[in-house]
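Just below is one structure, and these are the notes that go with it.
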Amino acid sequence: MRAEWRYSCRSQPVPGPRVRPRSSRGRSRAVPASWFKTRDRVFGQLLDDPIGYGACAEYVVTSEEPKEGVLVRIPDGLDFATAAALPTAASTALGAVDAVNCGSGEKLLIIGATGGTGVFATRIAAARGVHVIATAAPQADAVVRARSAQDTVDYRARPVGEVVADRWPHGLDGIVDLVGDVAAFEAAAHLKDGRNAVSIDFAATEELQKSGRIRAVNHVHDDKLNRITEVGRMAVEGTLGIVVERRVPLGEAAQAFERNRRGGARGKTVIDMTAG
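Take the sequence shown: its letters are residues 2 to 277, numbered as in the numbering used here.
Encoded structure:
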């Protein structure tokens, strides 16, 4: 299971080392441009030089408009730790759910529903009235149901496509893949005509993309400013049901990365610069 890693920070105009996490929260400092004031609470996705693909430090330097990322103000009512868990995972989930375009009462299979992005995708889809079917190992079944999935598929016991064909013989209305599971994504063969199969991790093969019966796409994280602003609003409203599984100090960041790489995440890991 892939995972994203979050941290808490403050920013200042000095260069720093390139380090791994992409999503951040903190207060702006010494900003000459017009969008933010000094001490504004901000969060977003940092994909820009000199940071590279993210940052994990007490102070971070970035532009107001990172080349590929984005910074926005943290809305009132949202704390720093929660804000740090949002930008990449929640906005990616929102983009994927928007792209699959399932409506109230329609059946959506989410592959990778137990991870950080999957939790958000499940919550967002369920808030729209979508019937969410989540892939999950038996030990995670109760967890994903508590997070608004209505049905589960044990991807370890049988091929996901076989289970879908048996349990939903009239077909699904959409599929979202969050983990690059090409084999599970083949359940797209059981979509209704004209419906969407969306992967954020390149599970949509060229053959599947050429299908004239359904639309299969590898979705790229887009419209970041509006999506990150929207997930901030949704977090304040309580739609996302954010799960911060671990808060660790910077000194334990390496161990936290390794735990997440091994899989089994059930929520977000926040690296807190004020802790420990």
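Glycine residues also receive a C-beta, built at the ideal position from the N, C-alpha and C atoms.
A quick note: this is a predicted structure, and the numbers were derived from the prediction, not measured.
Residue i, DSSP secondary structure in three states
i: Arg196; result: strand
i: Gly1; result: Given a span of 2 to 277 for the chain in the structure shown, any question on residue 1 remains unanswerable.
i: Leu109; result: strand
i: Asp178; result: strand
i: Val62; result: coil
i: Pro250; result: strand
i: Asn102; result: coil
i: Thr275; result: coil
i: Arg168; result: helix
i: Leu209; result: helix
i: Leu173; result: strand
i: Lys38; result: coil
i: Leu87; result: coil
i: Lys68; result: coil
i: Asp202; result: coil
i: Val221; result: coil
i: Asp142; result: helix
i: Thr115; result: coil
i: Arg263; result: coil
i: Arg124; result: helix
i: Ala190; result: helix
i: Gly239; result: coil
i: Leu79; result: coil
i: Gly130; result: coil
i: Arg159; result: coil
Residues that residue i bridges to, as DSSP identifies them
i: Lys269; result: Val245
i: Thr153; result: Ala135
i: Arg216; result: Asn197
i: Val1; result: What the structure shows of the chain is the stretch from 2 to 277, and residue 1 is not part of that stretch, so it cannot be assessed.
Neighbourhood of residue i by C-beta, 8 Å cutoff - its chain only, sequence neighbours within 5 removed
i: Arg216; result: Gly195, Arg196, Asn197 and Ala198
i: Phe37; result: Ser29, Val43, Glu65, Leu72 and Arg74
i: Gly242; result: Val120, Arg124, Arg148 and Ser149
i: Leu226; result: Val71 and Val73
i: Pro33; result: Note on Pro33: pLDDT 48, under 50, position unreliable in the model; no value is reported.
i: Ala137; result: Ala114, Thr115, Val144, Val145, Ala150, Thr153, Val154, Asp155 and Tyr156
Beta-carbon separation (whole angstroms), residue i vs residue j, contact threshold 8 Å
i: Gly106; j: Gly130; result: 6 Å
i: Val98; j: Val177; result: 7 Å
i: Gly268; j: Val244; result: 3 Å
i: Ser110; j: Val165; result: Residue identity differs from the one stated: residue 110 is Leu in this sequence, not Ser. The pair is a contact, with the Cβ atoms about 7 Å apart (cut-off 8 Å).
i: His222; j: Gly96; result: 6 Å
i: Val237; j: Pro76; result: 5 Å
i: Ala82; j: Asp273; result: 7 Å
i: Ala276; j: Cys57; result: That belief does not hold up - the Cβ atoms of Ala276 and Cys57 are roughly 13 Å apart, past 8 Å.
Close-in-space but distant-in-sequence residues of the same chain around residue i (CB under 6 Å, 5 per side omitted)
i: Thr118; result: Ala90, Thr93, Ala94 and Leu179
i: Val183; result: Ala204
i: Ala100; result: Val199 and His220
Residue i beta carbon near the ligand GDP (any heavy atom closer than 8 Å)
i: Ala138; result: Annotation note on the ligand GDP: not contained in the displayed structure, which lists no ligands.
Contact set for residue i: own chain, Cβ-Cβ below 7 Å, skip 5 residues either direction
i: Lys108; result: His132, Ile134, Trp169, Leu173 and Asp174
i: Gly45; result: Ser25, Gly70, Val71, Leu72, Val73, Pro88 and Ile229
i: Ala127; result: Val133 and Ser149
i: Ala86; result: Arg7, Ile243, Val245, Lys269 and Val271
Checklist entry - When the Cβ atoms of the region 144-158 are set against those of the region 223-239, are three or more pairs found closer than 8 Å? => result no
Checklist entry - When the Cβ atoms of the region 151-161 are set against those of the region 172-190, are three or more pairs found closer than 8 Å? => result Touching, yes, given that three or more Cβ pairs across the two stretches are closer than 8 Å.
Next on the checklist: Does the region 164-174 come into contact with the region 120-128, if we say contact requires no fewer than three beta-carbon pairs (one atom in each stretch) closer than 8 Å?
Outcome noted: no
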